[in-house]
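Before any comments, here is the structure.
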Amino acid sequence: MIRFSSVYKGYPNGAMALKDVTFHVSKGEFVFLTGHSGAGKSTIMKLLFAEQRPSGGEVRVSGYNVSTLKADDVPRLRRRLGVVFQDFRLLEDRTAEENVAFALEVTGARTDTIAARVMRVLTQVGLSAKSRAYPREMSGGEQQRVAIARALVNDPAILLADEPTGNLDERATRGVFQLLRDINNGGTVVVMATHDLDLVRQTVYRTIEMRDGSLVYDSDVDEAAAEAR
Amino acid sequence: MKLLSREALLSFRRAPLLSVLSVTTIAFSLFTIGLFGLVAVNLREALRGIEERVEIVAYIFRGTPAETIAIATQDIAAFPEVSDVSFVSEEEALRRARAELIEFRDAYRDLQVNPLPASIEVRMKEGHRDAGTVGRVAQRLRNFGFIDDVRFGREWVQKLDHLRNLTGLVGIVIGLAFAAVAVVIIGVTIRLTILQRAREISIMRLVGATNWFIRGPFLLEGALKGLLGGLLSLVLCYAGYILFRDNSGGTLSGLIFFGPEQMVLIIVFGVLLGLGGSLVSVGRHLRHV
């Protein structure tokens with residue numbers, strides 16, 4: 002589903018955000034992306050949804066080559082992805098259901114199917130009762146659930162979550178994390194960037210650790226190597 | 010499509026002052042073009058009436074034999090540019106002078122000898138009534154030995170021609186200046202809207218909206234403002250036209266207004282202005298959102 006091959010990402014000021022990063026993610030996986038701020042987690046995320054292009058190497062996502070992707074194909078790639086951020090990125094002047102429906106409207110979905118699909122994902126994230134609430138009337142955890150519902154409404158193959166629990170208290174964090182696990186259990190690939198190591202340690206999911214733009218640890222690869230020894 | 014128009018209309022509510030400003034600038038730019046256009050149209054209409062009468066008068070030396078004149082008349086009538094040739098005898102000339110120049114009636118009545126020469130009047134075919142062709146035909150007439158002098162209203166035909174061209178030119182120059190201002194103002198309006206909605210646009214991008222889908226409402230907004238501006242300018246032009254016509258004391262009662270094609274042209278130009286302004290702005294600013 003995702004394949005990074007010797008990926009480099011440099012910026013015009015000479016800084017290198019990623020250095021020779023290689024990994025791949027198969028169908029159905031849940032992957033943690035860890036590391037300090039500025040280690041390269043967000044850059045990997047931005048390459049995954051084609052917000053940025055690699056300076057070297059190859060990034061493949063769900064059959065698309067991000068390195069050579071035409072501008073017209075970027076929207077097509079994004080419709081196969083769901084993206085969630087630390088700051089939720091909801092529209093303040095729209096209700097929960099309008100925020101979710103927005104994602105369908107702008108992709109030209111059939112109008113008569115929108116309401117049912119919106120209700121289905123809001124139920125999935127446990128917010129069917131708050132569909133008419135505005136973001137300011139909801140807690141952080143609830144807002145993030147709305148954002149996740151919006152990410153899910155197009156039935157993405159891959160869900161990208163960039164510090165989804167960064168602004169949430171412990172209880173909300175657990176709830177959102179559990180929701181992401183449920184989504185993964187439904188077959189969706191989840192890539193979650195986080196520096197919440199407690200969360201990572203609680204589970205047995207694959208972990209990729211970044212430091213200064215380099216991949217320094219990949220539990221899949223390193224454990225296989227350890228077993229081989 | 011419903012979403013598209015809803016988003017486009019929303020901007021009128023969000024920034025009513027700026028929207029009104031853009032519509033009025035477009036309207037004024039087209040109003041200027043329109044007013045000068047009206048003058049040009051009416052001048053052309055007046056010129057057409059005059060042009061139909063464009064004729065060359067060739068005065069004939071006294072004593073030229075009638076047969077010579079008759080043969081020459083046939084020759085001249087065969088010129089490709091000439092539609093009609095008629096001979097005016099000395100007596101006919103005097104009779105006309107008496108009828109038309111009432112002020113000098115007494116003077117003509119007391120004449121012992123007819124001082125007026127006979128002449129040939131040459132009318133031009135349509136499409137050959139411009140100053141250049143008329144001049145060439147006049148020159149050919151001069152080459153006939155029995156022709157004393159050739160007159161045609163070259164100067165005032167040319168003057169009217171110049172006036173018409175000048176009016177059109179002035180209208181276009183001033184109108185284009187206004188149009189440039191309109192494009193800039195629309196550009197600024199669209200830019201403000203884009204900045205205002207940067208968050209919304211970035212989210213649209215994120216969930217996979219195509220660029221044209223994002224641009225659509227902005228372009229529609231511009232086109233809509235252009236349409237309104239065009240309509241408003243026509244209303245202004247018509248008001249100006251009525252005002253002129255009815256306060257001229259009847260001398261301008263024959264004044265005409267634009268035909269349907271010209272009105273459509275003005276509105277289309279307005280839509281293009283609006284569309285142009287938003288295209289420039291959308292192209293420059295949407296990338297940075």
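Quick note, the sequences are listed as chains A and B, same order.
The working numbering numbers the first residue of the first sequence as 2 and each following residue consecutively.
The working numbering numbers the first residue of the second sequence as 10 and each following residue consecutively.
Cβ coordinates follow ideal geometry from the N, Cα and C atoms, glycine included.
Just so you know, these numbers come straight off a predicted model, no measurement behind them.
> Using the rule of at least 16 other Cβ atoms within 10 Å of the residue's Cβ for burial, across every protein chain shown, is residue 128 of chain B buried or exposed?
Replying inline: Buried, by the Cβ-count rule.
> With 16 other CB atoms within 10 Å as the buried threshold, where does residue 131 of chain A fall?
Replying inline: Counting Cβ neighbours within 10 Å, residue 131 of chain A comes out buried, since at least 16 surround it.
>> At the level of alpha carbons, what is the spacing between residue 59 of chain A and residue 18 of chain B?
In response: Roughly 43 Å between the two C-alpha positions.
> Hey, residue 90 of chain B and residue 134 of chain B: beta-carbon distance below 8 Å or not?
Replying inline: Judged by their CB atoms, residue 90 of chain B and residue 134 of chain B are nearer to each other than the 8 Å cut-off.
>> Under 8 Å, Cβ to Cβ, is there at least one residue of chain B near residue 165 of chain A?
In response: For residue 165 of chain A, the nearest beta carbon of chain B is not closer than 8 Å to its own beta carbon.
> What residues are listed by DSSP as bridge partners for residue 19 of chain A?
Replying inline: In the DSSP assignment, residue 19 of chain A forms a beta bridge with A/10.
> Should residue 174 of chain B be labelled buried (16 or more other beta-carbon atoms within 10 Å of its own) or exposed?
Replying inline: Classification of residue 174 of chain B: exposed, given that the 10 Å Cβ count is below 16.
>> If you reduce the DSSP assignment to three classes, tell me which class residue 164 of chain A lands in.
In response: DSSP, read as helix, strand or coil, puts residue 164 of chain A in coil.
> What is the DSSP secondary structure of residue 96 of chain A, counted as helix, strand or coil?
Replying inline: The DSSP-derived three-state label of residue 96 of chain A is coil.
> CB residue 128 of chain A to CB residue 150 of chain A, shorter than 8 Å?
Replying inline: A contact, by the Cβ cut-off of 8 Å.
>> Quick check: the region 62-69 of chain A against the region 22-34 of chain B, are at least 3 beta-carbon pairs closer than 8 Å?
In response: Inter-segment contact for the region 22-34 of chain B and the region 62-69 of chain A is absent: fewer than three beta-carbon pairs are separated by less than 8 Å.
> So, using beta-carbon positions, are residue 195 of chain A and residue 35 of chain A closer together than 8 Å?
Replying inline: In contact: residue 195 of chain A and residue 35 of chain A (Cβ atoms closer than 8 Å).
> Where in the region 192-226 of chain B do unbroken runs of the alpha helix (DSSP H), each at least 4 residues long, occur, reported from the N-terminal end onward?
Replying inline: 207-215, all fully within the region 192-226 of chain B.
> If residue 50 of chain A and residue 209 of chain A are in contact, beta carbons under 8 Å, what's the gap, nearest whole angstrom?
Replying inline: At roughly 17 Å, the Cβ-Cβ gap does not stay under 8 Å, so residue 50 of chain A and residue 209 of chain A are not in contact.
> From residue 208 of chain B to residue 295 of chain B, what distance separates their C-alpha atoms?
Replying inline: For the pair residue 208 of chain B and residue 295 of chain B, the Cα-to-Cα distance works out to about 12 Å.
>> Could you compute how far the alpha carbon of residue 167 of chain A sits from the alpha carbon of residue 56 of chain A?
In response: Distance between residue 167 of chain A and residue 56 of chain A, taken at the CA atoms: about 29 Å.
> What residues in the region 130-149 of chain A bring their beta carbon closer than 7 Å to a beta carbon of chain B?
Replying inline: When CB distances to chain B are screened at a threshold of 7 Å, not a single residue of the region 130-149 of chain A falls below it.
>> According to DSSP, is residue 210 of chain A part of a helix, a strand, or is it coil?
In response: Three-state result, residue 210 of chain A: strand.
> What residue from A/202, A/32, A/189, A/134 has the CA that sits closest to residue 96 of chain A's CA?
Replying inline: Of all alpha-carbon atoms in A/202, A/32, A/189, A/134, the one lying nearest the alpha-carbon of residue 96 of chain A is that of A/134.
> Who are the near neighbours of residue 150 of chain B in its chain, counting only those whose CB is closer than 6 Å to its CB and skipping five residues on each side?
Replying inline: Residues 67, 156, 159 of the same chain have their beta carbon placed closer than 6 Å to that of residue 150 of chain B, with the five preceding and five following residues left out of the count.
> Along chain A, which residues have their Cβ under 9 Å away from the Cβ of residue 217 of chain B?
Replying inline: Near residue 217 of chain B (Cβ distances below 9 Å), the residues of chain A are 75, 76, 77, 78, 79, 80, 81, 82, 104, 107, 108, 155.
> Excluding five sequence neighbours on each side, which residues of the same chain lie with their C-beta closer than 7 Å to the C-beta of residue 84 of chain A?
Replying inline: Apart from sequence neighbours up to five positions away, the residues of its chain that approach residue 84 of chain A with a beta-carbon distance below 7 Å are 50, 152, 161, ordered along the chain.
> If you follow the alpha helix (DSSP H) that residue 84 of chain B is part of, which residue opens it and which one closes it?
Replying inline: 75-86 is the span of the alpha helix (DSSP H), which, as asked, contains residue 84 of chain B.
> Starting from residue 221 of chain A and walking both ways along the alpha helix (DSSP H), at which residues does that stretch end?
Replying inline: Bounds of the alpha helix (DSSP H) holding residue 221 of chain A are 220-229.
> What are the complete alpha helix (DSSP H) segments, minimum 4 residues, inside the region 248-275 of chain B?
Replying inline: Entirely contained in the region 248-275 of chain B, not one alpha helix (DSSP H) run reaches 4 residues.
> Do you know whose CA, among A/3, A/86, A/14, lies nearest residue 142 of chain A's CA?
Replying inline: For residue 142 of chain A, the closest C-alpha among the options A/3, A/86, A/14 is that of A/86.
>> Closer than 9 Å between beta carbons: that is the criterion. Which residues of the region 190-213 of chain A meet it against chain B?
In response: Hits within the stretch: zero.
> Can you pull the DSSP bridge partners for residue 130 of chain B?
Replying inline: Beta-bridge pairing links residue 130 of chain B to B/66, B/95.
> Apart from the five residues just before and just after residue 102 of chain B, which ones in its own chain have a Cβ nearer than 8 Å to its Cβ?
Replying inline: In chain order, 123, 125, 126, 127, 128 place their CB closer than 8 Å to the CB of residue 102 of chain B, counting only its own chain and leaving out the 5 sequence neighbours on each side.
> Over what stretch of residues does the alpha helix (DSSP H) that includes residue 112 of chain A continue unbroken?
Replying inline: Looking at the DSSP string, the run of the alpha helix (DSSP H) that includes residue 112 of chain A is 112-125.
> Is any beta-carbon of chain A found at less than 8 Å from that of residue 210 of chain B?
Replying inline: No, residue 210 of chain B lies away from the interface with chain A (no Cβ there is under 8 Å from its Cβ).
> Since residue 199 of chain A is in the alpha helix (DSSP H), which residue starts that stretch and which ends it?
Replying inline: Where residue 199 of chain A is concerned, the enclosing alpha helix (DSSP H) stretches over 198-203.
> Going by the CB atoms, is the gap between residue 44 of chain A and residue 19 of chain A shorter than 8 Å?
Replying inline: Taking 8 Å as the Cβ cut-off, residue 19 of chain A and residue 44 of chain A qualify as a contacting pair.
> Residues of chain A with a CB under 9 Å from the CB of residue 222 of chain B: which are they?
Replying inline: Those are 76, 107, 108, 109, listed as they occur along chain A.
> Quick one: what's got a C-beta closer than 6 Å to residue 37 of chain B's C-beta in the same chain, skipping five residues either side?
Replying inline: The beta carbon of residue 37 of chain B sits closer than 6 Å to those of 187, all from its chain and outside the five residues before and after it, given in chain order.
> Taking C-beta to C-beta, are residue 190 of chain A and residue 181 of chain A nearer than 8 Å?
Replying inline: No; because the gap between Cβ atoms is not below 8 Å, this pair is not in contact.
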